[in-house]
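Chemist: The first sequence runs contiguously to residue 807 in the working numbering.
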Amino acid sequence: MPKYSVPKGFRDLPPDIMILRKKILRIIEETFIKYGYDPIETPALEYWDTLKGKYGEEAENKLVYKFKDPWSEKWYALRYDLTVPLARFLSNHVVQFPFRRYHISRVWRHENPQRGRYREFWQCDIDIVGSPYPEADAEIVNVLSEAIENIGLRNFKIKLNDRRMLAGIFEETLSLKNVISVYRIIDKLDKIGYEGVREELAKAGYSNETIEKIIEIISISGSPEKVLDEIEEMYGGNRKVGEAVLHLREMLDFIKYRNKVSVELSLVRGLDYYTGPIFEYVVEKPKIGSIAGGGRYDNLIEIYTGKHTPSTGGSIGIERVIDAGLELGIFRLDMKTYTKVYVLSLKHDRETYLYASAIANMLREKGIPTQVDVMRRSEQAQRRYAIKKGINVVVYVGPKEVSERRATIYDRKSGTRKVVDLGRVVEEVLKFLEG
RNA sequence: GCCGCCGUAGCUCAGUCUGGAAGAGCGCCGGACUGUGGAUCCGGAGGUCCCGGGUUCAAAUCCCGGCGGCGGUCCCA
Numbered sequence: 373m374p375k376y377s378v379p380k381g382f383r384d385l386p387p388d389i390m391i392l393r394k395k396i397l398r399i400i401e402e403t404f405i406k407y408g409y410d411p412i413e414t415p416a417l418e419y420w421d422t423l424k425g426k427y428g429e430e431a432e433n434k435l436v437y438k439f440k441d442p443w444s445e446k447w448y449a450l451r452y453d454l455t456v457p458l459a460r461f462l463s464n465h466v467v468q469f470p471f472r473r474y475h476i477s478r479v480w481r482h483e484n485p486q487r488g489r490y491r492e493f494w495q496c497d498i499d500i501v502g503s504p505y506p507e508a509d510a511e512i513v514n515v516l517s518e519a520i521e522n523i524g525l526r527n528f529k530i531k532l533n534d535r536r537m538l539a540g541i542f543e544e545t546l547s548l549k550n551v552i553s554v555y556r557i558i559d560k561l562d563k564i565g566y567e568g569v570r571e572e573l574a575k576a577g578y579s580n581e582t583i584e585k586i587i588e589i590i591s592i593s594g595s596p597e598k599v600l601d602e603i604e605e606m607y608g609g610n611r612k613v614g615e616a617v618l619h620l621r622e623m624l625d626f627i628k629y630r631n632k633v634s635v636e637l638s639l640v641r642g643l644d645y646y647t648g649p650i651f652e653y654v655v656e657k658p659k660i661g662s663i664a665g666g667g668r669y670d671n672l673i674e675i676y677t678g679k680h681t682p683s684t685g686g687s688i689g690i691e692r693v694i695d696a697g698l699e700l701g702i703f704r705l706d707m708k709t710y711t712k713v714y715v716l717s718l719k720h721d722r723e724t725y726l727y728a729s730a731i732a733n734m735l736r737e738k739g740i741p742t743q744v745d746v747m748r749r750s751e752q753a754q755r756r757y758a759i760k761k762g763i764n765v766v767v768y769v770g771p772k773e774v775s776e777r778r779a780t781i782y783d784r785k786s787g788t789r790k791v792v793d794l795g796r797v798v799e800e801v802l803k804f805l806e807g
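(1) So the beta strand (DSSP E) ILE627 belongs to, where does it begin and stop?
(2) Give the straight-line distance between the Cα atoms of SER729 and VAL765, rounded to the nearest whole angstrom.
(3) Where do the N-terminal and C-terminal ends of the alpha helix (DSSP H) with GLU511 fall, by residue?
(4) In the DSSP output, which residue or residues are listed as bridge partners for SER717?
(5) Spatial neighbours of ASP644 within its chain, please: C-beta separation below 7 Å, excluding the five flanking residues on both sides.
(6) Based on the DSSP output, what are the partners of GLU418 in its beta bridges?
(7) Taking only the alpha-carbon atoms, compute the straight-line gap between TRP494 and TRP480 and give it to the nearest angstrom.
(8) Closest to ARG472 by CA distance: which of PHE651, LYS406, PHE439 and GLY697 is it?
(9) Let's see if you can read the secondary structure: which residues bound the alpha helix (DSSP H) around PRO596?
(10) Taking DSSP as the reference, what is the three-state secondary structure of PRO649?
(11) Which two residues bound the contiguous alpha helix (DSSP H) that contains ALA753?
(12) Alpha carbon to alpha carbon, how far is LEU385 from TYR376? Give it in angstroms, no decimals.
(13) If contacts are defined as beta-carbon pairs under 8 Å, then PHE382 and ARG487 qualify, I think. What distance do you get, rounded to the angstrom?
(14) I'd like the list of long-range same chain contacts for ASN838, defined as Cβ closer than 8 Å, with 5 residues on each side in sequence excluded.
(15) Given a cut-off of 8 Å, decide if ILE731 and VAL797 are closer than it, judged by their beta-carbon atoms.
(16) Please determine if the stretch 498-516 and the stretch 578-589 are in contact, where contact requires at least 3 C-beta pairs separated by less than 8 Å.
(17) Can you tell which of VAL767, GLY565, ILE552 and GLY697 has its C-alpha closest to the C-alpha of VAL744?
(18) Is the stretch 520-527 touching the stretch 391-408, taking contact as three or more C-beta pairs under 8 Å?
(19) DSSP state of TYR474, grouped into three classes?
(20) Taking 7 Å as the limit between beta carbons, can you name the residues of its chain near VAL551, skipping five residues before and five after?
(21) So, at 7 Å on beta carbons, what are the nonlocal neighbours of LEU660 in its own chain, with the 5 sequence-adjacent residues on each side left out?
(22) Let's see if you can read the secondary structure: which residues bound the beta strand (DSSP E) around ILE688?
(23) Evaluate contact between the stretch 608-623 and the stretch 526-539, counting only Cβ atoms and requiring at least three cross-stretch pairs below 8 Å.
(24) Go ahead and pull the three-state DSSP assignment for GLY678.
(25) According to DSSP, is PRO411 part of a helix, a strand, or is it coil?
(26) Using beta-carbon positions only, say whether PRO387 and THR709 come within less than 8 Å of one another.
(27) Pick helix, strand or coil for ALA779, following the three-state DSSP scheme.
(28) Between ARG748 and LEU735, what straight-line distance do the alpha-carbon atoms span, to the nearest angstrom?
(29) Where LYS596 and ILE564 are concerned, what is the direct C-alpha to C-alpha distance, given to the nearest angstrom?
(30) So, is SER463 buried or exposed, given that buried needs 16 or more other C-beta atoms within 10 angstroms?
(31) What's the gap between the Cα of GLY686 and the Cα of ARG570?
(32) Can you tell me which residues form a DSSP beta bridge with VAL501?
(33) Answer yes or no: do TYR566 and SER591 have a C-beta to C-beta separation smaller than 8 Å?
(34) Whole angstroms are fine: how far does the CA of PRO457 sit from the CA of CYS496?
(35) With H, G and I counted as helix, E and B as strand and the rest as coil, what does DSSP make of GLU492?
(36) Look at the alpha carbon of SER808 and the alpha carbon of PHE626, and state the distance between them as a whole number of angstroms.
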């Protein structure tokens, strides 16, 4: 046990992990930019009043980090997601609609940590503010899908539903009491199966007739078009259901990854602020929960700005993407440093070190990440260091090189060694790096 | 939050059952080795045995409570 440890559910990220994370984040960010999204950042800390009442009872009572500032006596909270801070941001800034923004940053949730779940994690969030139309929802799904695919994860599925279908069917047509508990139960369908859902509904006190109706609804499956047809036939008379079916149909027309989409009435999602389409990305193989999710929230921003501002968005959870990719063997933690070249000093005198430093600077000027010895270590110790770090090109500098104004380049991959004039070092090193 | 397993060096763990001097491998640092060995060998550093209490002549080991990690549940990214 280390003497000083980090708080539960929080982690340090050492260089090899950070190098992988940054690579993945770069791919995601490039995809976002390609679709016209621009970055924003907001504070980690918000006033508790800002976040209050947006996520649902359970989240706010147990999951949001909140505390009283001992100096000002004010209540603060660490942000729980990036969507509510966006809504708050809009009350302080004038933007042009559609406002397409991305936000890649940390969020905090006081949950019990386990596989793929941490108390501090990063979300890669995109939103379109201002559009009520299904093509905006479809664009979010397309961007997220492409980003996930660009990372190298191919075997994902997109579960799609609409809050209006849930409300129309369960709350209005069936007029169920305590719908939240029903949502909780049907949300578990994937894990416990139809029998499990039946049992839990019975345990919760619902009549057999009601249970069979619920089962009938959530067992509608097949292609998205077929599912929507059936729902419309059964519940199209309900205004909310009709709106949702129409919206999802139009949305599907714009989705490039339609073969990955399934419309599932058992998809619920916890956050209170969703009002229309909702979706979740899941991978089958590592059992890791969802890797991305989102939906439409037409009423959230109005709370902050006073203006009705329909919006839609979603986010990718980077730690789950990484955990899944590592487990599937798509990613490897094989890069320990960005450094490409190590300049090795064979003698620990001022002249040799100045010469080594000059060569390193020549390489750096060409943008080649280069290290020199600052430990005055033996040749062996320096060589071992370079090997351990996976630096394949070593430039040897000793009294001979200094007096002859030369350098010896050693390439570990090919095992070749070459003595070159000082003026040609950069050029020759580049050849080794490319070869 | 609840249930289960676990906690000994930076990491993986042995030792715990049956109480009696704190260990191994890997990693880290250095050397053998005269200037270009992903080798081999040698040496060195590194410990609150998770924390607190109890039992005992004696606790890493037994008992109680806490904390932390992992898996499940809940929920979600």
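Glycine included, C-beta positions come from ideal geometry on N, C-alpha and C.
Since the model is a prediction, treat every value here as computed from it, not as a measurement.
Modeler: Inspection of the coordinates gives the following:
(1) Against the first sequence, residue 627 aligns to sequence position 255. Looking at the DSSP string, ILE627 is not in any beta strand (DSSP E), and its letter there is neither H nor E.
(2) In the first sequence, residue 729 corresponds to position 357, counting from 1. In the first sequence, residue 765 corresponds to position 393, counting from 1. If you take the alpha carbons of SER729 and VAL765, they lie about 16 Å apart.
(3) The count along the first sequence starts at 1 and reaches residue 511 at position 139. Looking at the DSSP string, the run of the alpha helix (DSSP H) that includes GLU511 is 506-523.
(4) For the purposes of this step, residue 717 is taken as residue 345 along the first sequence, with counting starting at 1. Looking at the DSSP assignment, SER717 forms a beta bridge with VAL769.
(5) On the first sequence, residue 644 is found 272 positions in, with the first residue counted as 1. Hits under 7 Å: LYS426, TYR427 and GLY428.
(6) For the purposes of this step, residue 418 is identified with residue 46 of the first sequence, where counting begins at 1. Looking at the DSSP assignment, GLU418 forms a beta bridge with ALA449.
(7) Numbered from its first residue, the first sequence carries residue 494 at position 122. Numbered from its first residue, the first sequence carries residue 480 at position 108. Straight-line Cα distance between these residues: approximately 9 Å.
(8) Counted from its first residue, the first sequence places residue 472 at position 100. Of the candidates PHE651, LYS406, PHE439 and GLY697, the one whose C-alpha sits nearest the C-alpha of ARG472 is LYS406.
(9) Numbered from its first residue, the first sequence carries residue 596 at position 224. Per DSSP, PRO596 belongs to the alpha helix (DSSP H) from 596-607.
(10) The residue labelled residue 649 in the question sits at position 277 within the first sequence. The answer is strand: DSSP assigns PRO649 an E or B state.
(11) On the first sequence, position 381 is the one that residue 753 refers to. First-last of the alpha helix (DSSP H) with ALA753: 751-761.
(12) As a first step, residue 376 must be located in the first sequence, where it is residue number 4. As a first step, residue 385 must be located in the first sequence, where it is residue number 13. Going from the Cα of TYR376 to the Cα of LEU385 covers about 16 Å.
(13) On the first sequence, residue 382 is found 10 positions in, with the first residue counted as 1. On the first sequence, residue 487 is found 115 positions in, with the first residue counted as 1. Not a contact, Cβ separation roughly 16 Å.
(14) The structure shown does not extend to residue 838, since the chain is modelled only from 373 to 807, so the question has no answer here.
(15) Working through the first sequence from its first residue, we reach residue 797 at position 425. Working through the first sequence from its first residue, we reach residue 731 at position 359. Yes.
(16) no
(17) Taking the first residue of the first sequence as 1, we reach residue 744 at position 372. It is VAL767 whose Cα lies nearest to the Cα of VAL744.
(18) yes
(19) The residue labelled residue 474 in the question sits at position 102 within the first sequence. Strand.
(20) Counting from one through the first sequence, the residue named residue 551 turns up at place 179. Within the same chain, VAL551 has close Cβ partners PHE542 and GLU543.
(21) As a position in the first sequence, residue 660 is number 288, starting the count at 1. First, the residue type needs correcting, since residue 660 is Ile and not Leu in the sequence shown. Hits under 7 Å: ARG487, GLY488, ARG692, ASP695 and ALA696.
(22) Indexing the first sequence from 1 puts residue 688 at position 316. From DSSP, the beta strand (DSSP E) with ILE688 extends over 683-689.
(23) yes
(24) Residue mapping note: residue 678 aligns to position 306 of the first sequence, counting from 1. Residue state, collapsed to three classes: coil.
(25) The count along the first sequence starts at 1 and reaches residue 411 at position 39. If DSSP states are grouped into helix, strand and coil, PRO411 belongs with the strands.
(26) Translated into positions along the first sequence, residue 387 becomes position 15. Translated into positions along the first sequence, residue 709 becomes position 337. Yes, they are a contact pair.
(27) Residue 779 sits at position 407 when you count from the first residue of the first sequence. In this structure, ALA779 counts as strand in the three-state DSSP scheme.
(28) Here residue 748 corresponds to residue number 376 of the first sequence, with the count starting at 1. Here residue 735 corresponds to residue number 363 of the first sequence, with the count starting at 1. Taking the straight line joining both Cα atoms gives about 21 Å.
(29) Residue 596 sits at position 224 when you count from the first residue of the first sequence. Residue 564 sits at position 192 when you count from the first residue of the first sequence. In the sequence on display, residue 596 carries Pro and not Lys. Distance between the alpha carbons of PRO596 and ILE564 is about 23 Å.
(30) Stepping through the first sequence from its first residue, residue 463 is reached at position 91. Per the 10 Å Cβ criterion, exposed.
(31) Here the question's residue 686 lines up with position 314 in the first sequence. Here the question's residue 570 lines up with position 198 in the first sequence. Whole-angstrom Cα-Cα distance: 32 Å.
(32) Numbered from its first residue, the first sequence carries residue 501 at position 129. Partner(s): PHE471 and SER683.
(33) To locate residue 566, count along the first sequence from 1; it is residue 194. To locate residue 591, count along the first sequence from 1; it is residue 219. Their beta carbons are under 8 Å apart, which means TYR566 touches SER591 by this criterion.
(34) The residue labelled residue 496 in the question sits at position 124 within the first sequence. The residue labelled residue 457 in the question sits at position 85 within the first sequence. Spanning the two alpha carbons is a distance of roughly 14 Å.
(35) The count along the first sequence starts at 1 and reaches residue 492 at position 120. In the structure shown, GLU492 sits in a strand (DSSP, three-state: E or B).
(36) In the structure displayed, the chain extends from 373 to 807; residue 808 sits before or after that span and is not available.
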